[in-house]
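The block underneath contains the structure these notes are about, expressed in structure tokens.
Protein chains: 2
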Amino acid sequence: MEEVTRILARYVVESRFESIPATTRHHATRTFVNWLGCAIGGSHHEGMDIALAALAPMAGAAQASVLGRSERLDILHAALLNGISSHMFDFDDTHLKTVIHPAGPVCSAILALAEHRPVSGEDFVHALVLGVEVECRIGNSVYPNHYDTGWHITGTAGVMGAAAACGKLLGLNEQQMVWALGIAATQSSGLREMFGTMCKPFHPGNAAKNGLMSALLAEKNFTSSNRGIEAPRGFAHVLSTKFDPSEIIDGLGSTFEIDLNTYKPFACGIVIHPIIDACVQLRNEHKLTGDEIESVLAKVHPLVLELTGKKTPQTGLEGKFSVYHSAAAGFIYGAAGEREYSDAVVRDTKVVALRDKVTAVVDSTMHEDQTLVEVRLKDGRTLSKYVEAAIGSLKRPQTDADLEAKFRGLAEDVLPKAQVDKVLGLAWKVGALASAGDVAAAARK
Amino acid sequence: MEEVTRILARYVVESRFESIPATTRHHATRTFVNWLGCAIGGSHHEGMDIALAALAPMAGAAQASVLGRSERLDILHAALLNGISSHMFDFDDTHLKTVIHPAGPVCSAILALAEHRPVSGEDFVHALVLGVEVECRIGNSVYPNHYDTGWHITGTAGVMGAAAACGKLLGLNEQQMVWALGIAATQSSGLREMFGTMCKPFHPGNAAKNGLMSALLAEKNFTSSNRGIEAPRGFAHVLSTKFDPSEIIDGLGSTFEIDLNTYKPFACGIVIHPIIDACVQLRNEHKLTGDEIESVLAKVHPLVLELTGKKTPQTGLEGKFSVYHSAAAGFIYGAAGEREYSDAVVRDTKVVALRDKVTAVVDSTMHEDQTLVEVRLKDGRTLSKYVEAAIGSLKRPQTDADLEAKFRGLAEDVLPKAQVDKVLGLAWKVGALASAGDVAAAARK
């Protein structure tokens, strides 16, 4: 059996910033910007208030910021809280091969660490690339069996990605990096049973905190197995019925998983994205306001109705499971961000009226990325839009401007516009900063 | 499927101290005394120094004591550190049905909590009984498949035991207790691959800390699944190929798993215990000193040579895997505590000389608890001792006096004798104290 734990550790320790292609560095910056907006946007969710009320009395010195809030906590708790808020709306990034949300564990851990032990923007971006590489390669090696078993792979693989990224920033040597990965592997956890509860966003937060702790322990030579990932009683064999070490080894250092990261344009499950995309395009191309619509017919993949068939949602959360509400929001607002999934918008009479005019029918010739939306207007015209792959997918990635608009949509609910401008400016140039932690300090309320 | 998470939660919430039999309360006190001695004894191990150096800079207010040391940390870190030290020598308690070490996760969590939010001794003992009940019943429901898969069951089940015990002390209602168990279930972790490294004692410490955190989050209404244990994607099905809910439900409230707890008299794997027991008995019955021994022949179960066949151990740790050293220590010292597994004793020429006279042969008619030890003396006499079940097993439990001697052997290496007397006195009467946390404060260096 290949000693993949050591191979990964050696790669992370020996990797030099210069070996990271410029395009990959830019992908890392996009990942960071998207994550930061989500973390600021989710920072005042009820789950954040609860977690802070419960844990702040045990927190240590004010070493790092809780983004979008006034609290400063020790770096372990800051990593936990920022990880929770970044996944609160299920609006963060997705590595589609594994459905890992890569940034939550890695960015939450390294930004907290960078605020306390300053590092350059280059080192920060480098650690981000490496952390995502480690978590996604480990994810690839056990996916899909591991996920199918019931593991929330963002938590289980994320803790090792966070450990690797923090270990890089701490300057661990190879043996210490092996231990950091092992200490992380033995904390690998997170059950899919928790989806729909506050424990879902808890998983990336906990992975960030525990990955950071693993690196801190390894830095002082706390020992673990040298084969935490690949041993018969290690991570891969205990938590999965499939383990393909070639997914970890092949192309290591020459291909980068962060290049495959995607960013949701809409704050709901990916299955409705093609329909919303079609509605927004129809709206914008024909300057529709919603009032002129007589009826809407969407031909969709079977999973759409299975997962999001809720006809009369009553809350913002229920709206995320309603293709009808989502289509109506697309027509009326040209968007389906967190705001369009607020309780108020879901109950808005204008939205409800249009929602009731939407029909969705299963078309088994459609694959998951496809849809055909037909709109009948009151003036008798019929418009239609076919989507082959939704905006935000790998085939039609969000532009930097899209990401910026998404960031503003999330952050401006929390911080003053001038501050949002400043944070966004810093985030785009994080790789050039003298101290990457300055971004966190700037994003404090 | 029975809703065992709710059944357990309701039982813990509704249980009254008066419903715990006096014998069970005494078992809880014995469990506490044994755990406390182990935690004090292990408190200056290198792994503890490392963990403190790494994590103390992130710790919060001085809420709870690190036993046997001068540091005071927030309750989460204190629970972690005391859990690590209590398992450092592998000398703590064993629930033989599951090989769970029950006290590490539960006692470490509730003692830290009790020091910060004072509770009566009765409430403390009650929570200890309930926490052990929860972790061992959950363990029974998935054992042995769960353990065979590679999970360190002390960590995986322990986190839920710690959550239940802390939740009881915090006065959670039924729904909150369900959440506490769920938040704990989704943190369930710990790989057997880590055995032989510092991560092994890390597991009960981490379970204590995370179980306590789960209860604190649930107290503020942080939500989880209501079926964290039994759901198709919950703890039992994801982490085990066997799940028998009757092990959780049957007899709940009328039988107590803590009654089945055992305490090691010797600081090594249980497989050598019958041999050491025989050697100690021969020594004491015949007033042997070791010098008069010509040769020793032990007839043993095959596992003894498989696991502990090291002929020439060079370090204390290696000594634990040597039936030869262990037998020699039994003859010379009449004991095999942590002291007899120090580097110095393992290298002592007198011990080495006797060790080299020990032969162990497999006798396949022996079961694991049995041994026959024959000693040939220089004066020509032959002595023998047959052991049917070793001291410390359920058939021959350690007496309270044995536990007290063990406690002193561990604690007197760390604290002055007068302080050991005081701590031991408090520990035996923990159930009668006005504030159980006083024991922790008294055990500080």
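Chains as they are written, first to last, in this note's numbering: chain V, 1 to 445; chain A, 446 to 890.
For glycine and all other residues, C-beta sits at the position ideal for the given N, C-alpha and C.
Nonlocal neighbours in the same chain, by C-beta distance under 6 angstroms from residue i, ignoring five residues either side
i	result
A/Gly754	none
A/Arg562	none
A/Arg924	Outside the displayed range of chain A (446 to 890) lies residue 924 of chain A, so it cannot be described from this structure.
V/Ser435	Pro118
A/Arg821	Glu739, Ser740 and Thr827
A/His726	Note that residue 726 of chain A is Gln in the sequence shown, not His. Lys830.
A/Thr734	none
A/Tyr786	Ala712, Gly761, Gly764 and Lys765
V/Pro313	Gly319, Ser322, His325 and Val346
Beta-carbon contacts of residue i that lie in its chain and below 7 angstroms, excluding the five residues immediately before and after
i	result
A/Thr450	Val623, Leu626, Gly627, Asn671, Arg672, Gly673, Ile674 and Glu675
A/Thr904	Because residue 904 of chain A is not part of the residues shown, which for chain A are 446 to 890, the question remains open.
A/Ser838	Thr707 and Asp814
V/Ala236	Ser141, Val142, Ile229, Glu230 and Phe243
V/Cys199	none
Partner residues on chain V for residue i, Cβ-Cβ distance less than 7 angstroms
i	result
A/Val683	Thr149, Gly150, Trp151 and Leu191
A/Leu453	Within chain V, no residue comes near A/Leu453; the closest Cβ sits about 16 angstroms away, beyond 7 angstroms.
CB contact check: residue i to chain D, cutoff 8 angstroms
i	result
A/Ala499	The structure shown contains no chain D; the protein chains it does contain are V and A.
Contact list for residue i against chain V, beta-carbon separation under 8 angstroms
i	result
A/Gly549	Ordered by position in chain V, no residue passes the 8 angstroms Cβ test against A/Gly549, which lies about 15 angstroms from the chain.
A/Ser829	Going along chain V, no residue has its Cβ under 8 angstroms from A/Ser829, so there is no contact; the nearest lies around 39 angstroms.
A/Gly673	Leu191, Glu193 and Met194
Test item: CB-CB of residue i and residue j under 8 angstroms
i	j	result
V/Leu169	V/Ile110	yes
V/Glu115	V/Ser65	yes
V/Ala443	V/Gly121	no
V/Arg25	V/Val125	yes
A/Cys552	A/Leu575	no
A/Ser586	A/Pro710	no
A/Leu500	V/Leu216	yes
V/Gly42	V/Ser86	yes
V/Gly158	V/Glu193	no
V/Ala185	V/Met160	yes
V/Glu306	V/Val346	no
V/Lys209	V/Leu76	yes
Residues of its chain near residue i, where Cβ-Cβ distance is below 8 angstroms and the 5 sequence neighbours each way are ignored
i	result
A/Leu452	Here residue 452 of chain A turns out to be Ile, not Leu, going by the sequence shown. Cβ within range, chain order: Ile693, Ile694 and Leu697.
V/Asn284	Gly334
V/Met366	Lys299, Val300, His301 and Leu372
Backbone CA spacing between residue i and residue j [nearest angstrom]
i	j	result
A/Val716	A/Leu748	7 angstroms
A/Ala780	V/Leu80	46 angstroms
A/Thr827	A/Val807	20 angstroms
V/Ala165	A/Leu799	52 angstroms
A/Met503	A/Val832	50 angstroms
A/Gly584	V/Gln176	33 angstroms
V/Lys287	V/Ala327	16 angstroms
V/His95	V/Arg137	11 angstroms
A/Ala805	A/Ala712	20 angstroms
V/Pro102	V/Glu3	24 angstroms
A/Lys890	V/Ala218	27 angstroms
V/Ile20	V/Tyr11	12 angstroms
A/Phe534	V/His146	34 angstroms
V/Arg408	V/Phe195	27 angstroms
V/Gly269	V/Thr154	16 angstroms
A/Arg461	A/Gly650	28 angstroms
Exposed unless 16 or more other CB atoms sit within 10 angstroms - verdict on residue i
i	result
A/Gly635	buried
A/Ala473	buried
A/Gly679	buried
V/Pro232	exposed
V/Asp291	exposed
V/His203	buried
V/Asp148	exposed
V/Thr197	buried
A/Thr543	buried
V/Asp277	buried
Within chain A, partners of residue i - CB distance below 8 angstroms
i	result
V/Thr197	Gly627, Thr668, Ser669 and Ser670
V/Val109	Residue identity check: residue 109 of chain V is Ala in the sequence provided, not Val. Near V/Ala109 there are no residues of chain A at all, since even the closest Cβ is about 13 angstroms away, more than 8 angstroms.
Proximal chain V residues relative to residue i, where beta-carbon distance stays under 9 angstroms
i	result
A/Phe680	Leu191 and Glu193
Residue i CB to nearest heavy atom of the ligand NAP below 7 angstroms
i	result
A/Arg517	Inclusion of the ligand NAP in the displayed structure is not the case, the ligand content being empty and no account of it being possible.
9 angstroms Cβ cut-off: residues of chain A touching residue i
i	result
V/Gly47	Phe667 and Thr668
Under 7 angstroms by beta carbon: chain A residues contacting residue i
i	result
V/Gln187	Ser634 and Asn651
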